[in-house]
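Peer 1:
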Amino acid sequence: MEIPKTFEFAAAEKHWYDFWNKKGFFRSVPDHREPYTVVIPPPNVTGVLHMGHMLNNTIQDVLVRRARMQGKNACWVPGTDHASIATEAKVVALLKEKGINKKDLSREEFLKYAWEWKEKYGGIILEQLKTLGASCDWERTRFTMEEELSESVIDVFIDLYKKGHIYRGTRMVNWDVSALTAVSDEEVIMKEATSKLYYIRYKIVQEDSFGEGTEDEWVTIATTRPETILGDTALCVHPEDERYAKLKGKKVIVPLVNRAIGIIYDEYVDKEFGTGALKVTPAHDRNDYDLGKKHKLESIDIFNPDGTISAAGKLYVGKDRFAVRKEIVKDLEEAGHLVKVEEIKNNIGYSERTNAVIEPRLSMQWFVSMKGISKPALENVLNGEIQLIPEKFINTYRHWMENVQDWCVSRQLWWGQQIPAWYDVGGNFVVAKTEEEARELFKLRTPNSEIGTIRQDEDVVDTWFSSWLWPISVFDPKVFGGGKEYKGNADINYYYPTNDLVTAPEILFFWVARMIIAGYEYRGAKPFSNVYLTGIVRDKQGRKMSKSLGNSPDPLDLITKYSADGVRVGMLLCSPAGNDLPFDDSMCEQGRNFSNKIWNAFRLVKGFNVDASIEQPNVSKVAVEWFEVKFNQQLEIINDHYSKFRLSDALMATYKLVWDDFCAWYLEMIKPEFVDGKSLPIDEKTFSATLLFFDKLLKVLHPFMPFITEELYHLLSERKEMDAIVVAQWPTTEKFDEKFIERFNLAIEVVAQVRNIRNQKSIHPRELVELMVKAAVPDNSFDSVIKKLSGVSNVNYVNEKPIGAQGFLVKANEYFVPLTLNVNPEEEKARLKKELEYNKGFLQSVQKKLANEKFVANAKPELIELERRKQTDAESKIKAIEEQLSNL
RNA sequence: GGGAGCUUAGCUCAGCUGGUUCAGAGCACCUGCCUUACAAGCAGGGGGUCAUAGGUUCGAACCCUAUAGCUCCCACCA
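All residue numbers for the first sequence refer to numbering that gives the first Met the number 0, where the first residue is 0 and numbers rise by one.
(1) May I ask you to report which of helix, strand or coil DSSP gives K195?
(2) Under three-state DSSP, which class holds K800?
(3) Using alpha carbons as the reference points, say which of N303, W406, E434 and I203 lies closest to E336.
(4) Among V530, N529 and M544, whose alpha-carbon lies nearest the alpha-carbon of V536?
(5) Out of curiosity, what's the CA-to-CA distance linking M144 and E667?
(6) Going by CA-CA distance only, name the one from A489, K670 and R867 that's closest to D30.
(7) When DSSP builds the beta bridges, which residues end up paired with E769?
(8) What do you get for H283, buried or exposed, if any count of 16 or more other CB atoms within 10 angstroms of its CB means buried?
(9) Taking the C-alpha atoms as reference points, what is the distance between G790 and D682?
(10) Since I believe T169 is in contact with L361 (beta carbons under 8 angstroms), could you give me their beta-carbon distance rounded to a whole number of angstroms?
(11) In this structure, does DSSP put A652 in helix, strand or coil?
(12) Give me the Cβ distance between S298 and G291, rounded to the nearest whole Å; I'm assuming they're in contact under 8 angstroms.
(13) Straight-line CA distance for W15 to V61?
(14) Please work out which residues of its chain come closer than 8 angstroms, Cβ to Cβ, to R454, disregarding the five sequence neighbours upstream and downstream, and give them in chain order.
(15) Is it true that the CB of V90 sits closer than 8 angstroms to the CB of E226?
(16) Can you tell me the Cα-Cα spacing of I724 and W75, whole angstroms?
(17) Could you name the residues that DSSP lists as bridge partners for S350?
(18) So who's on the other strand from W406, going by DSSP bridges?
(19) So the candidates are N631, K539, Y814 and D231; which of them puts its Cα closest to the Cα of F739?
(20) I believe Y197 touches V328 by the beta-carbon criterion, under 8 angstroms. Please report the beta-carbon distance rounded to the nearest angstrom.
(21) Give the straight-line distance between the Cα atoms of E741 and R757, rounded to the nearest whole angstrom.
(22) Below 8 angstroms on the Cβ atoms is my contact criterion, and I expect I165 with W365 to pass it. Report the Cβ-Cβ distance as a whole number of Å.
(23) Measure the beta-carbon distance from V460 to R513 and round it to whole angstroms, keeping in mind my assumption that it falls under 8 angstroms.
(24) DSSP three-state call for S545: helix, strand or coil?
(25) Taking the CB atoms as reference points, tell me whether S183 and C407 lie closer together than 8 angstroms.
(26) How should M189 be labelled, buried or exposed, when 16 other C-beta atoms within 10 angstroms of its C-beta is the threshold for buried?
(27) Where does D782 fall in DSSP's three states?
(28) Short check: CB of T353 to CB of S177, under 8 angstroms?
(29) Within a Cβ cutoff of 6 angstroms, which residues of the same chain sit near Y243, ignoring the five residues on either side of it in sequence?
(30) Whole angstroms are fine: how far does the CA of N427 sit from the CA of P281?
(31) Under DSSP, the alpha helix (DSSP H) around C587 begins and ends at which residues?
(32) Hey, which unbroken runs of the beta strand (DSSP E) at 3 residues or more fall wholly within the stretch 220 to 286?
(33) Which residues share a DSSP beta bridge with D499?
(34) For a quick check, are the C-beta atoms of W467 and I516 less than 8 angstroms apart?
(35) Based on Cα-Cα distance, which residue from G606, R567, D499 and D330 lies nearest to K670?
(36) State the beta-bridge partners of S911 as determined by DSSP.
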């Protein structure tokens, strides 16, 4: 049967994925083996696979597959995240298209739509991961908002509240005017922008006057947000600023609204910035808020939640803040209050989810107090209990943890876990799981009074407040079972702590840090031992791949075009941990070509005719011996790369082992000759050794290229029912003779040199040449190799340089290829002279080193010995070249 | 404004505690090859003042200092 020239991957990928799944190879249940556990960073349930996921999940799959082959009980838990803001926004938008306004729906109705939509479109991404080959235990698939997991979130909220780590308070929060919710500091993205700085003058009046200023005196302030003057309640200057000494005992009038406000003095003001005078709007600026608290100022909230001016603003009511900014500038100018406008660079916060400009807003929210509970999370990263890879992220992590701010966890949304707080009509609240429990708590508090209707807090918790439990709750949704005595179920006791977490550095604080915090709080142990932080996938121009730029290829298209194995290899080829990955299709092409190379090596081996009666030729014997050694040497290197999470390096070492060592050298050595239009048969010994090598190589390749390796594993030999490479044993390293490789490398160099001469002289591949060797200590062990691989008919050992031959040197040995034609003495002379010059220079530098007393005194003995050897080597080399030259 | 890191071949990156296993790899490039496993290939080859300037050392890509450029993180200058 004719085997196709290229690997037909599409059918094979589907076939083998189904096979693995059906046989339950990805399934993990606790047993006696050592566990190896990874929890997936749950993608957004509404998400679609993008290049970042591809990189991330390829890495996880490589780690998981290798661990599985190492005999560990590998468990990779998949799942999705409910992503409250993103999903709610999506559902709201979808409803809008249908002509339904969220405002017209009850919470229950809205949630019904949301769930319907989740059931229909959610989790597509998990299906897509299967095409990549992800070996997750799909029976363990979890969703952060499923009932059990939600319950654990509520339990944890209540528990933290009881412990005093959660509090409710009015704070200045980041308000997303588009999603109509508070967001945490981490969800605000600061971007530098060029803004206008408006200089606006306020009229000065006597303190006791009420607006009717008589003096024509002014004070000018600078602001980038002129619309907020509607909420001004003071003007602030530096206490030592003489320019404003005249303000003592005065007031100023807020333009347009004509409200008289007082002057406060505070060192917070930077005298150099603007005019040194600052308007204070406590309701709409974090600093102003602090000033307001300090100086007991009134706070006027001039905005509605959606960013329009509220009634309290008095003017422009109902209009959007940015429209008002334009309008008010015009009005101020007309009224003669606008002094000048400057351009400045400043930072503006945008919502991570909706990209709306964040509005600082005073509101009542729930917070997690971070200082106390985050302590072990910092300590255990600093002391190496949890490793960050690459290490450079430790600094960032520490900085964040040392300056950690309280975490605003309430969100004014419906999609998520509803905060378990209950209010009575008087606005008093208790934190309880159910209404009944809440009532009891109220009763305990005020035993004598009647509890009327109570209502639950409308808000939900931040998504990260649920996903920070992920490494625990996927195994034991009870998390802590409501008490300290809770020991956890069998799963969590077996799988926790997990081993490796693979994720993007962007969510180091959002998620990773918080999982560590929750891990120590609720399991008294780290959630994982290693955190592998991937880079960001960028396009050729270095831009981040994003939907809006349209510069991201569709991963599924890539898989169709280059095969899943090809794409996996492509992703991993140049992505050391923490390095950005400049993505290019050509990398996948390289991956695809590699899998084709492997396929063709298989075609060759499969085509061998075995003849048990023939003896093993010497060249094959040497080849087998050499590859045995080479494989062990390389496997050791590959294992070492893995242990350091250097996956690109592990892949490259594997790539070269297969392509160069196995295909280019080994197979070429053992390949039977071709005579009379037919390939000669191969001996039994060599053949079985080759199959064994191939088998080992496939295993080492498997984590990177699961599909083709499984296919070939079965094509290479008959396999039993449950014998599959996915669960095969990772090859063990055996002792090897490094010296043998060194000796063989000399033969490789001779082959390369002869080939070079053939190339230069355009000698046809089928035309054989002779090779003569002049060596002090002849070693003919590799003559058969040299003959076969460089088209040499005979290797002759001689004492004199032959006439009319082109020579080269390997170490101190001289080699000659006699050429009847084509030898140009002048060229040869020039070549030799150049080589002589180089060696003389080299010798000189070595001699200089050895003559240096300080070097001899300070350098290590081995090093000096090495230098001495170099010296004698160079000397004999020079002698040989000089002889050749004189002979010419 | 504070902090961290980076700068090595056309591109992407290795180069461990200073010493030819120190100037490397893959891709790209150039030159030959349609040699019955593979043209998605084979053989060979050319590319680098290791960002710049000083210093330490017998010896520096590696250590120190300064300079330039880039990247990221954190931060309430209106």
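Note that the Cβ used here is the ideal one computed from N, Cα and C, for glycine as well.
Peer 2: According to the structure shown:
(1) Working through the first sequence from its first residue, we reach residue 195 at position 196. Reduced to three states, the DSSP call for K195 is strand.
(2) Here the question's residue 800 lines up with position 801 in the first sequence. In the structure shown, K800 sits in coil (DSSP, three-state: anything other than H, G, I, E or B).
(3) To locate residue 336, count along the first sequence from 1; it is residue 337. Checking the sequence shown, residue 336 turns out to be His, not Glu. Among N303, W406, E434 and I203, the Cα nearest to that of H336 is on I203.
(4) Against the first sequence, residue 536 aligns to sequence position 537. The option with the nearest alpha carbon to V536 is M544.
(5) Working through the first sequence from its first residue, we reach residue 144 at position 145. Working through the first sequence from its first residue, we reach residue 667 at position 668. Note on geometry: alpha-carbon atoms of M144 and E667 lie some 58 angstroms from one another.
(6) Sequence index remark: in the first sequence, residue 30 carries index 31 (1-based). Taking only the C-alpha atoms, the option nearest D30 is A489.
(7) To locate residue 769, count along the first sequence from 1; it is residue 770. Its beta-bridge partners are N793.
(8) Working through the first sequence from its first residue, we reach residue 283 at position 284. With 16 or more Cβ atoms within 10 Å of its Cβ, H283 is classed as buried.
(9) Position 791 of the first sequence, counting from 1, holds the residue named residue 790. Position 683 of the first sequence, counting from 1, holds the residue named residue 682. Each residue's Cα considered, the two are about 22 angstroms apart.
(10) Counting from one through the first sequence, the residue named residue 361 turns up at place 362. Counting from one through the first sequence, the residue named residue 169 turns up at place 170. Contact flag correct, Cβ pair sits at about 6 angstroms.
(11) To locate residue 652, count along the first sequence from 1; it is residue 653. Helix at A652.
(12) On the first sequence, position 299 is the one that residue 298 refers to. On the first sequence, position 292 is the one that residue 291 refers to. At roughly 6 angstroms, the Cβ-Cβ gap stays under 8 angstroms, so S298 and G291 are in contact.
(13) Here residue 15 refers to the residue found at position 16 of the first sequence. Here residue 61 refers to the residue found at position 62 of the first sequence. Cα to Cα, the separation comes out at about 17 angstroms.
(14) As a position in the first sequence, residue 454 is number 455, starting the count at 1. Excluding sequence positions up to five before and after R454, its CB lies within less than 8 angstroms of the CB of W421 and Y422, all in the same chain and listed in chain order.
(15) Counted from its first residue, the first sequence places residue 226 at position 227. Counted from its first residue, the first sequence places residue 90 at position 91. Not in contact: E226 and V90 (Cβ atoms no closer than 8 angstroms).
(16) The residue you call residue 724 lines up with position 725 of the first sequence. The residue you call residue 75 lines up with position 76 of the first sequence. In this structure, the alpha-carbon of I724 lies about 18 angstroms from that of W75.
(17) Walking along the first sequence from the start, residue 350 turns up at place 351. BP columns for S350 point to V187.
(18) Within the first sequence, numbered from 1, the residue matching residue 406 stands at position 407. BP columns for W406 point to V367.
(19) Against the first sequence, residue 739 aligns to sequence position 740. From the listed residues N631, K539, Y814 and D231, the smallest Cα separation to F739 is found for N631.
(20) Along the first sequence, one-based indexing puts residue 197 at 198. Along the first sequence, one-based indexing puts residue 328 at 329. Y197 to V328, Cβ: 6 angstroms. Contact.
(21) For the purposes of this step, residue 741 is identified with residue 742 of the first sequence, where counting begins at 1. For the purposes of this step, residue 757 is identified with residue 758 of the first sequence, where counting begins at 1. Here the C-alpha atom of E741 lies approximately 25 angstroms from the C-alpha atom of R757.
(22) Position 166 of the first sequence, counted from the first residue, corresponds to residue 165. Position 366 of the first sequence, counted from the first residue, corresponds to residue 365. Contact between I165 and W365 holds, since their C-beta atoms are separated by about 6 angstroms, short of 8 angstroms.
(23) Counting from one through the first sequence, the residue named residue 460 turns up at place 461. Counting from one through the first sequence, the residue named residue 513 turns up at place 514. With a beta-carbon spacing of about 12 angstroms, V460 and R513 fall beyond the 8 angstroms limit used to define contacts.
(24) By one-based count along the first sequence, residue 545 stands at place 546. Reduced to three states, the DSSP call for S545 is coil.
(25) Counting from one through the first sequence, the residue named residue 183 turns up at place 184. Counting from one through the first sequence, the residue named residue 407 turns up at place 408. Yes.
(26) Along the first sequence, one-based indexing puts residue 189 at 190. It counts as exposed.
(27) Within the first sequence, residue 782 is the residue found at index 783, counting from 1. DSSP places D782 in helix when its eight states are reduced to three.
(28) Translated into positions along the first sequence, residue 353 becomes position 354. Translated into positions along the first sequence, residue 177 becomes position 178. The answer is yes: Cβ separation under 8 angstroms.
(29) Translated into positions along the first sequence, residue 243 becomes position 244. If you ignore the 5 residues before and after Y243, its C-beta comes within less than 6 angstroms of the C-beta of V236, all in its own chain and listed in chain order.
(30) As a position in the first sequence, residue 281 is number 282, starting the count at 1. As a position in the first sequence, residue 427 is number 428, starting the count at 1. Between the alpha carbons of P281 and N427 lies a distance of about 26 angstroms.
(31) Walking along the first sequence from the start, residue 587 turns up at place 588. Element bounds for C587: D584 to K605.
(32) Listed in chain order, the beta strand (DSSP E) runs fully inside the stretch 220 to 286 are 233 to 236, 249 to 253, 258 to 264 and 276 to 279, counting runs of at least 3 residues.
(33) For the purposes of this step, residue 499 is taken as the residue at position 500 of the first sequence. For D499, which the question treats as bridged, DSSP gives the partners N529.
(34) The count along the first sequence starts at 1 and reaches residue 467 at position 468. The count along the first sequence starts at 1 and reaches residue 516 at position 517. Taking 8 angstroms as the Cβ cut-off, W467 and I516 qualify as a contacting pair.
(35) Within the first sequence, numbered from 1, the residue matching residue 670 stands at position 671. Out of G606, R567, D499 and D330, G606 has the C-alpha closest to the C-alpha of K670.
(36) In the structure displayed, the chain extends from 0 to 887; residue 911 sits before or after that span and is not available.
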